[in-house]
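Protein chains in written order, with the UniProt record's numbering: chain E, 1 to 374; chain H, 1 to 374. Glycine included, every Cβ here is placed at the ideal spot set by N, Cα and C. Below you'll find the structure, written out as structure tokens, and then a few comments.
2 protein chains.
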Amino acid sequence: MASLGLVTPQRMHFAEPLPLRSGAALAEYTLVYETYGTLNAARSNAVLVCHALNASHHVAGEDADGQRGWWDNLVGPGKPVDTDRFFVIGVNNPGSCFGSTGPMHTNPATGEPWGADFPVMTVEDWVDAQARLLDRLGIDQLAAVLGGSLGGMQALSWSLRHPARLRHCVAVATAPNLSAQNIAFNEVARRAIVTDPDFHGGHFYRHGVVPARGLRVARMIGHITYLSDDSMEAKFGRQLREQTLAYSTQAIEFQIESYLRHQGEKFAGYFDANTYLLITRALDYFDPAREHGGSLARAFVPAQARFLLVSFTTDWRFSPARSREIVKALVDNRHSVSYCEIDAPHGHDAFLLDDPRYFAAMRAYFDNIARECA
Amino acid sequence: MASLGLVTPQRMHFAEPLPLRSGAALAEYTLVYETYGTLNAARSNAVLVCHALNASHHVAGEDADGQRGWWDNLVGPGKPVDTDRFFVIGVNNPGSCFGSTGPMHTNPATGEPWGADFPVMTVEDWVDAQARLLDRLGIDQLAAVLGGSLGGMQALSWSLRHPARLRHCVAVATAPNLSAQNIAFNEVARRAIVTDPDFHGGHFYRHGVVPARGLRVARMIGHITYLSDDSMEAKFGRQLREQTLAYSTQAIEFQIESYLRHQGEKFAGYFDANTYLLITRALDYFDPAREHGGSLARAFVPAQARFLLVSFTTDWRFSPARSREIVKALVDNRHSVSYCEIDAPHGHDAFLLDDPRYFAAMRAYFDNIARECA
């Protein structure tokens with residue numbers, strides 16, 4: 001299949017403060033973004049892709065290091081989200097660690113890195129920052145907003161905060177809020193990070209260290225929740241690394257241990273600890289029903305978009321039941337909604353993999369959107 | 001209901017080395033144990049209770065600090081495991097941290113605390129140590145061996161290693177081995193502990209510190225897996241600690257965070273880090289099918305006991321499917337087996353709670369055992 005080839009990230013600076021839900025404001029900030037395909041004359045074929053925890057603006061194509069975008073299997077020429085027909089935008093959210101203004105950048109008020117003082121961001125704040133980028137790009141209305149997991153929450157939030165600015169909302173493997181168990185896993189990961197002596201209260205940059213121990217543990221916990229029990233069993237089971245047991249509490253005995261340690265090590269090498277805290281907190285806070293007495297149906301009253309919700313049977317982080325809650329709230333409002341529950345073995349991670357039924361559903365839905373844009 | 005009142009732990013020293021599955025041996029050791037009820041003249045009414053990760057010999061009654069035993073709701077006069085009819089024995093396993101020889105005790109070879117050099121123990125080693133205690137107590141055959149979770153694994157192992165020494169095997173909320181996901185959670189917990197700078201390679205005793213950060217995180221992870229998603233949701237949901245959000249990554253916002261931190265804090269105050277490593281490793285290693293080409297049915301050929309297996313519908317750590325694997329292996333051998341799948345909301349923790357259906361099943365089964373002893 002044709003590839004987008006090399007893509008170059010772009011930067012946009014915003015001098016006007018971004019008011020945040022916390023009551024604070026981000027005084028000024030830069031967003032890094034990529035675009036693929038061509039905006040049509042009617043400016044009606046733009047698709048915004050929102051990223052989840054450890055992803056970025058680099059959705060598709062290859063960056064300068066030859067790294068493929070995180071959703072390159074889904075987005076590109078001839079792919080389900082077809083860049084020959086859509087103008088696709090990937091944007092790194094503020095607070096993240098892939099180029100947009102974040103905790104590792106200089107706090108203009110102090111001349112020092114923000115560190116733990118970077119303002120707490122919410123899904124709604126990110127959506128507002130993305131909307132400003134679209135203003136600058138001259139895009140009044142998106143053909144669609146698309147996201148998975150935390151990205152799906154952003155897509156849902158778009159439909160509530162800027163109802164007239166998107167025609168379709170595509171939310172994959174997401175939830176209307178985190179369950180107590182979801183929050184619990186986030187909290188353990190955060191505790192691992194903030195209690196790492198190298199965290200230095202979030203100001204580790206000035207000490208020339210990173211809280212790698214905490215990040216590793218956080219990532220290992222996260223990783224377990226991204227995979228299904230079944231897929232872990234199929235992939236690793238009780239496979240040993242060596243033929244015989246070492247009878248050691250610290251050596252690696254099982255392949256799953258080796259895999260998890262590797263994932264943790266890799267993550268600690270590139271991800272920012274303060275970003276991890278900020279993004280897991282944004283996940284915790286997202287709860288559109290909260291301001292409506294807990295009624296998700298009432299929260300969705302203002303929505304105007306048409307919706308596609310996709311969930312995966314073995315996703316125990318954001319289970320199909322959570323997507324069905326959203327479907328129900330939309331149906332209660334007589335909003336237009338399609339719902340696909342994909343029987344896939346890969347757990348939460350399935351949203352990043354090209355399961356044929358999942359991608360066929362995405363292709364069919366985006367084909368319809370493209371026809372409307374023509 | 002009548003209580004056993006104050007119980008006093010006893011100690012038994014063993015000068016003969018205990019050969020271990022690792023090939024090493026525990027040169028000498030002391031076991032701490034408690035007994036409740038009276039051994040009958042025929043010495044036929046003894047019930048051994050095996051403990052899980054963070055429990056001890058203190059199964060029932062009150063210790064000198066007024067602490068009730070961890071299964072005091074199940075074991076006592078007139079209770080399902082009736083100490084008016086049974087002579088019940090609780091024993092702390094070697095490697096644990098409640099009195100029996102463990103990593104915090106002196107390694108006779110060095111005169112220093114064992115620390116990380118304490119030999120790695122397996123379920124089979126514990127069973128052998130327990131068998132020696134019974135030798136000393138003059139008990140040739142147990143009416144039953146009873147355990148939940150890791151304790152259930154010990155009960156199963158008894159039926160394979162000492163088939164003639166027990167008439168009944170009662171294994172609650174257990175599994176024939178750990179799944180990849182189970183091992184993964186153990187491994188993350190272990191990494192949190194051993195990467196805590198206060199762990200000092202397992203020799204923290206001599207530094208006058210404990211790796212409390214790691215232990216807290218380990219316990220928080222464990223705790224999440226003991227509770228069901230549903231029971232966490234029912235108990236905590238998204239309840240906030242304060243009326244308004246603080247918008248902070250480190251402050252406690254949700255009640256579930258407060259609960260987990262409290263559990264972690266409490267645990268780090270009394271549990272030994274090396275014991276945590278040893279016991280989770282014993283869990284990882286247990287796999288009676290391994291020496292039989294992966295066939296659990298073949299592993300159970302030598303068993304002679306009659307079995308009761310109990311599982312709980314919402315237990316996602318050791319799900320009913322895992323108990324059914326054991327039932328199938330027993331049925332394949334035409335062994336006598338009763339199986340109760342209890343519809344309980346509390347997840348893995350259910351085995352410690354007095355769900356009426358669960359306790360009724362236990363009472364009925366132990367009533368029958370008692371009648372045989374009379």
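In its own chain, which residues sit with a C-beta less than 6 Å from the C-beta of W158(E), not counting the 5 before and 5 after it?
So the list reads V127, V145 and L166, once near-sequence residues are dropped.
Please check if any C-beta of chain E sits within less than 7 Å of the C-beta of T195(H).
Taking Cβ atoms only, chain E reaches closer than 7 Å to T195(H), which makes this a yes.
For L278(H), which residues in the same chain have their Cβ closer than 6 Å to its Cβ, ignoring the five residues on either side in sequence?
If you ignore the 5 residues before and after L278(H), its C-beta comes within less than 6 Å of the C-beta of G95 and M121, all in its own chain and listed in chain order.
What does D272(H) touch in chain E if you count any residue whose Cβ is under 8 Å from its own?
Going along chain E, no residue has its Cβ under 8 Å from D272(H), so there is no contact; the nearest lies around 12 Å.
What are the start and end residues of the beta strand (DSSP E) that includes V331(H)?
Note, V331(H): premise wrong, no beta strand (DSSP E); alpha helix (DSSP H) at P320 to D332.
Burial state of G222(H) (16 or more Cβ within 10 Å):
That one is buried.
Option nearest R290(H) by Cα separation, candidates L245(E), R357(E) and K266(E):
With respect to the C-alpha of R290(H), the residue from L245(E), R357(E) and K266(E) having the closest C-alpha is L245(E).
Which same chain residues end up closer than 8 Å to Q10(E) when comparing Cβ atoms and leaving out the 5 residues on each side of it in sequence?
Answer for Q10(E): V32, Y33, E34 and T35, listed in chain order.
Would you check if there are 3 or more beta carbon pairs closer than 8 Å linking the stretch 252 to 269 of chain E to the stretch 184 to 198 of chain E?
Judged by Cβ distances under 8 Å, the stretch 252 to 269 of chain E makes no contact with the stretch 184 to 198 of chain E, as fewer than three pairs qualify.
Can H292(E) and A299(E) be called in contact, C-beta distance under 7 Å?
The answer is yes: Cβ separation under 7 Å.
So, for D198(H): in the same chain, excluding its five sequence neighbours on each side, which residues have a beta-carbon less than 8 Å away from its beta-carbon?
F204, H207, V209, V210, P211, A212, R213 and G214, listed in sequence order.
Close beta carbons around R161(E), own chain, < 8 Å, minus the five adjacent residues each side:
E124, V127, D128 and A131, listed in sequence order.
Please confirm whether M232(H) has its beta-carbon closer than 7 Å to some beta-carbon of chain E.
For M232(H), the nearest beta carbon of chain E is closer than 7 Å to its own beta carbon.
Determine which residues of the stretch 70 to 101 of chain H have a Cβ less than 9 Å from any Cβ of chain E, and write them out in chain order.
For chain E, none of the residues of the stretch 70 to 101 of chain H brings a beta carbon within less than 9 Å of one of its beta carbons.
Could you tell me which chain H residues have their CB closer than 8 Å to the CB of R216(E), listed as they occur along the chain?
For R216(E), the neighbours in chain H by C-beta distance under 8 Å run, in chain order, R191 and T195.
Just list the alpha helix (DSSP H) runs in the stretch 183 to 230 of chain E, keeping only unbroken ones of 4 residues or longer that don't cross its boundaries, in chain order.
Within the stretch 183 to 230 of chain E, the runs of alpha helix (DSSP H) that reach at least 4 residues and sit entirely inside it are, in chain order, 212 to 226.
Grab the span of the alpha helix (DSSP H) containing G264(H) for me, first residue to last.
For G264(H), the uninterrupted alpha helix (DSSP H) segment begins and ends at Q255 to Y270.
Distance between D72(H) and residue 375(H) (C-alpha atoms, nearest Å):
The structure shown does not extend to residue 375(H), since chain H spans only 1 to 374, so no value can be given for it.
Can you check whether the C-beta of Y33(H) is within less than 7 Å of a C-beta belonging to chain E?
False, the Cβ-Cβ gap to chain E never drops below 7 Å.
Is it the case that the stretch 41 to 53 of chain H contacts the stretch 88 to 105 of chain H, given that we only count it when at least three CB pairs across the two stretches are under 8 Å?
The stretch 88 to 105 of chain H vs the stretch 41 to 53 of chain H: in contact.
Close beta carbons around L6(H), own chain, < 8 Å, minus the five adjacent residues each side
Correct list, in chain order: G61, E62, D63 and A64.
What's the gap between the Cα of H58(E) and the Cα of L240(E)?
Their Cα atoms are separated by approximately 36 Å.
Applying a beta-carbon distance threshold of less than 7 Å, which residues of chain H neighbour V120(E)?
The answer, in chain order, is Y247, S248 and T249.
Taking 7 Å as the CB-CB cut-off, is M220(E) touching chain H?
With 7 Å as the cut-off, M220(E) counts as an interface residue toward chain H.
Just to confirm before moving on: does the CB-CB distance between T225(H) and R317(H) stay below 7 Å?
Against a cut-off of 7 Å, the Cβ pair of R317(H) and T225(H) comes out as a contact.
D135(H) versus L296(H), M12(H) and G148(H), residue with shortest Cα-Cα distance
From the listed residues L296(H), M12(H) and G148(H), the smallest Cα separation to D135(H) is found for M12(H).
Apart from the five residues on each side of it in sequence, which residues of its chain come closer than 8 Å, Cβ to Cβ, to A350(H)?
Setting aside the 5 residues that flank it on each side, A350(H) is surrounded in the same chain by A173, F312, T314, D315, I342, A344 and Y358, each with a C-beta closer than 8 Å to its C-beta; the list follows chain order.
Uninterrupted beta strand (DSSP E) stretches inside the stretch 118 to 157 of chain E (no shorter than 3 residues)
Listed in chain order, the complete beta strand (DSSP E) runs (minimum 3 residues) inside the stretch 118 to 157 of chain E are 142 to 148.
Using only the alpha-carbon positions, how far apart do A234(E) and Q181(H) sit?
Cα to Cα, A234(E) sits roughly 11 Å from Q181(H).
Taking the alpha-carbon of G237(H) as reference, which of Y247(H), Y259(H) and Q250(H) has the nearest alpha-carbon?
Ranking Y247(H), Y259(H) and Q250(H) by Cα distance to G237(H) puts Y259(H) first.
Just checking: is the beta-carbon of V188(H) within a distance shorter than 7 Å of some beta-carbon in chain E?
By this cut-off, V188(H) is an interface position.
Would you tell me roughly how many angstroms separate the C-alpha atoms of V327(H) and R261(E), rounded to the nearest one?
Their backbone Cα atoms lie some 35 Å apart in a straight line.
Bridge partners of F87(E), per DSSP?
For F87(E), which the question treats as bridged, DSSP gives the partners A46(E).
Are the C-beta atoms of R322(E) and some chain H residue less than 7 Å apart?
By this cut-off, R322(E) is not an interface position.
Listed in chain order, which residues of the stretch 323 to 349 of chain E have Cβ atoms closer than 8 Å to some Cβ of chain H?
So nothing in the stretch comes that close.
Hey, would you say L308(E) sits closer than 7 Å to V170(E), going by beta carbons?
Cβ distance < 7 Å, so L308(E) and V170(E) count as in contact.
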